[in-house]
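In what follows, a structure is listed as structure tokens, so that the remarks can point back to it.
Numbering (the working numbering), first residue to last: 5 to 121.
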């Protein structure tokens, strides 16, 4: 089983390789018992957000890492993929600006902007 932080970074790398923008890793385990990390990223339009989710699921499934739950794939404006220790939030830019979940979960010590290679 892959460690939570390593999984969060792997997810961020996959999303970066696929062209996601504004990728952020938030360590939230000290704030909630539901997960250890959030990975938050944006896609430029609805179709691209859906494609990011599909590609991420496919890449992780190759390593037998499957989501426990997934929500939002029908509308594809905010898709959530729950990998237990890591929950992925994929946003259309308008929804990301509106909900601003980073603001809710940042405590000044737990935010890591992912800078791709």
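Heads up, the beta-carbon is just placed ideally off N, CA and C, and yes, glycines get one too.
Cα separation between residue 27 and residue 37? 23 Å
Where does residue 80 fall in DSSP's three states? Note: residue 80 maps to coil in three-state DSSP.
Would you tell me roughly how many angstroms separate the C-alpha atoms of residue 24 and residue 83, rounded to the nearest one? 13 Å
Can you tell me whether residue 75 is helix, strand or coil according to DSSP? strand
Compare the Cα-Cα distances from residue 8 to each of 79, 109, 32 and report the closest residue. 32
Integer-rounded CB distance, given that residue 58 should sit under 8 Å from residue 73: Contact doesn't hold; Cβ gap of about 16 Å is too wide.
Residue 95 to residue 63, Cα distance in whole Å? 19 Å
8 Å Cβ shell around residue 15 - same chain, five flanking residues per side excluded: Only 43, 60, 64, 87, 90, 92 meet the Cβ criterion.
Own chain residues within Cβ distance below 8 Å of residue 50, not counting five before or after: So the list reads 79, 80, 81, 96, once near-sequence residues are dropped.
Let me know if residue 11 comes out buried or exposed under the rule of 16 or more other beta-carbons within 10 Å of its beta-carbon. buried
Write down the C-beta distance between residue 77 and residue 102 rounded to the nearest angstrom, noting that I regard them as a contact closer than 8 Å. The pair is not a contact, with the Cβ atoms about 19 Å apart (cut-off 8 Å).
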